[in-house]
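Student: Can you read through this structure? Questions will come right after.
Quick look at the structure:
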């Protein structure tokens, strides 16, 4: 089950000024689904990341791990897309 991200009130304020987005995995020659995205899951009390796939855009918006563009720079192998650009 995906773990909901929790933020302190001060962190929420910071996120309000920064765009949130998701990380997409682009491997067109291997893609069966329209969207391959990174999601976070809790396993044995630890957060782990996995790749999930879907043809439903709303599922990406709901289930994908949300991060700022700055956070996404740690993962250059994935493509960051702002939430507002997905919908």
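In full-length UniProt numbering, the protein residues as written are 1 to 87.
Where a beta carbon is used, it is the ideal one built from N, C-alpha and C, also for glycine.
Taking all protein chains shown into account, do 16 or more other C-beta atoms lie within 10 angstroms of the C-beta of residue 38, making it buried, or fewer, making it exposed?
Tutor: Result: buried.
Student: Given a cut-off of 7 Å on the beta-carbon distance, is the pair residue 21 and residue 82 in contact?
Tutor: Yes, they are a contact pair.
Student: Alpha carbon to alpha carbon, what distance is there between residue 46 and residue 25?
Tutor: Each residue's alpha carbon lies about 23 Å from the other.
Student: Going by DSSP in three states, residue 26 sits in which element: helix, strand or coil?
Tutor: Coil at residue 26, not helix or strand.
Student: In terms of residue numbering, what span does the alpha helix (DSSP H) encompassing residue 53 cover?
Tutor: Counting along the chain, residue 53 falls outside any alpha helix (DSSP H), though it belongs to the beta strand (DSSP E) covering 46-54.
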